[in-house]
């Protein structure tokens, strides 16, 4: 595919903040006009009919004249949506209007979201979307050809990723329409500066960038999902595995598959909260220390019974079984009462290493 060059339109550094404010004034039903008098960017009509000059300041903004209201452009477009809306509401209240937010898209998160917190919100670029009022159907329809072209090209070049995530053309087109809302609120070239197909070409480049981000998110999501053993077997062969319970190796798998969900062990949760999680090494050391403390508090009979049960239990983690077996063998080597005890055999060691992915959910 040929690289689509963006429109050659020089924008001022505060262009995005000005565009956002324009969309907010339109959503609030407040009249305004472009005005460059006294260092201002806009002239906004108050409720009484008089005009207030407004400068959306940035690094290279000129010093405003007396009487010009200044709003920081970085605040309007910054990541903190609440602060941006609060500044706008304070301004329109000063003009005599009711302090109602121009756009509301649900609760605003306190922290920056990741794809694990809310995949769709991150894919939509929710920080931008929360600032952009809904456009009319005609505004979206105007760019229908551009959106379809970008969507078909992405689907054609990324059929494997889309297939893995069950994304069809309509799904991808919906993403493109949401991103177009962001484009109209932030990046659309004003009519007085736009010539020929500048906005079409700029929107195509914008949508293609968003699709590239979506592809990266989908790949990250795919790497973080643990597929269970049965699903992987069905996907690979198209058939369900016939588990032979006569085999000791398959017995472990069969038991794990048929296991019902166990109740939450509150004592385990409390112990886990005591671990030092500053680093993997610190966590392992604190877990070892806590295990030693718990085992030392048991009587001889309880100690032996616990390790024996853990060694013989096919339902617990193989690493835990091996650790219990090692400790039981070490104890029997020094205890006259337990000289007949022994850990896992070579065959059992092999069984304990069977993949347990099927029982992780």
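In my numbering, the protein residues as written are 26 to 386.
Each residue gets a CB set at the ideal place from its N, CA and C atoms; glycine is no exception.
Name the one or two DSSP bridge partners that residue 57 has.
Translated into positions along the chain shown, residue 57 becomes position 32. DSSP lists 69 as partners of residue 57.
Residues that residue 76 bridges to, as DSSP identifies them:
For this step, residue 76 is matched to residue 51 along the chain shown. The partner list for residue 76 (beta bridge, DSSP) reads 70.
Just curious, the alpha helix (DSSP H) that residue 306 is in, first and last residue?
The count along the chain shown starts at 1 and reaches residue 306 at position 281. Here the alpha helix (DSSP H) through residue 306 covers 305 to 321.
Could you have a look at residue 277 and say whether DSSP puts it in helix, strand or coil?
Sequence index remark: in the chain shown, residue 277 carries index 252 (1-based). Note that residue 277 has pLDDT 47, beneath the 50 cutoff, so the model's placement of it is unreliable and no number is given.
Note down, in chain order, each residue of its chain lying with its Cβ closer than 6 Å to the Cβ of residue 39, except the 5 sequence neighbours on either side.
Start at 1 with the first residue of the chain shown, and residue 39 comes out as number 14. Closer than 6 Å at the Cβ level, and outside the excluded window around residue 39, lie 81, 83 and 98.
Environment of residue 177 [buried if 16+ CB atoms lie within 10 Å]
Residue numbering aside, residue 177 sits at position 152 when the chain shown is read from its first letter. Answer is exposed; the Cβ neighbour count stays below 16.
Using DSSP with H/G/I as helix, E/B as strand and the rest coil, what is residue 114?
In the chain shown, the residue the question calls residue 114 occupies position 89. If DSSP states are grouped into helix, strand and coil, residue 114 belongs with the helices.
Identify the continuous beta strand (DSSP E) that holds residue 97 and give its terminal residues.
Translated into positions along the chain shown, residue 97 becomes position 72. Its beta strand (DSSP E) spans residues 94 to 97.
CA-to-CA distance, residue 91 to residue 159, given in whole angstroms
To locate residue 159, count along the chain shown from 1; it is residue 134. To locate residue 91, count along the chain shown from 1; it is residue 66. Answer to the nearest angstrom: the Cα atoms are 35 Å apart.
Three-state secondary structure (DSSP) at residue 129?
The residue labelled residue 129 in the question sits at position 104 within the chain shown. Coil at residue 129, not helix or strand.
Check whether residue 307 and residue 301 have beta carbons under 7 Å apart:
Against the chain shown, residue 307 aligns to sequence position 282. Against the chain shown, residue 301 aligns to sequence position 276. Taking 7 Å as the Cβ cut-off, residue 307 and residue 301 qualify as a contacting pair.
C-beta contact flag for residue 71 and residue 127 at 7 Å
If you number the chain shown from 1, residue 71 lands on position 46. If you number the chain shown from 1, residue 127 lands on position 102. No; because the gap between Cβ atoms is not below 7 Å, this pair is not in contact.
According to DSSP, is residue 152 helix, strand or coil?
By 1-based counting over the chain shown, the position of residue 152 is 127. Helix at residue 152.
From the DSSP secondary-structure annotation, give me the bridge partner or partners of residue 171.
Working through the chain shown from its first residue, we reach residue 171 at position 146. For residue 171, which the question treats as bridged, DSSP gives no partner whatsoever.
Spatial neighbours of residue 378 within its chain, please: C-beta separation below 7 Å, excluding the five flanking residues on both sides.
Looking up residue 378 in the chain shown gives position 353. Only weak support is given to the placement of residue 378: the predicted model assigns it a pLDDT of 42, under 50, and the question is left unresolved by the model.
Can you pull the DSSP bridge partners for residue 82?
The residue given as residue 82 occupies position 57 in the chain shown. Bridge partners of residue 82: 97.
Classify residue 89 as helix, strand or coil using the three-state DSSP reduction.
As a working mapping, residue 89 is identified with position 64 in the chain shown. Note: residue 89 maps to coil in three-state DSSP.
Counting along the chain, where does the alpha helix (DSSP H) carrying residue 250 start and finish?
Numbered from 1 along the chain shown, position 225 holds the residue referred to as residue 250. No alpha helix (DSSP H) holds residue 250; DSSP gives it neither H nor E.
Helix, strand or coil at residue 183 [DSSP, three-state]:
For the purposes of this step, residue 183 is taken as residue 158 along the chain shown, with counting starting at 1. Looking at residue 183 - three-state DSSP - the assignment turns out to be coil, as it is neither helix nor strand.
Put residue 214 into one of helix, strand or coil per three-state DSSP.
Counting from 1 along the chain shown, the entry for residue 214 is found at position 189. If DSSP states are grouped into helix, strand and coil, residue 214 belongs with coil.
Of the listed residues 103, 315, 156 and 355, nearest to residue 203 (C-alpha basis)
In the chain shown, counting from the first residue as 1, residue 203 sits at position 178. When each option's Cα is compared against that of residue 203, the closest is 156.
Using a Cβ-Cβ cutoff of less than 8 Å, which residues in the same chain neighbour residue 242 once the five nearest sequence positions on both sides are dropped?
Within the chain shown, the letter at position 217 stands for residue 242. Correct list, in chain order: 140, 144, 147 and 148.
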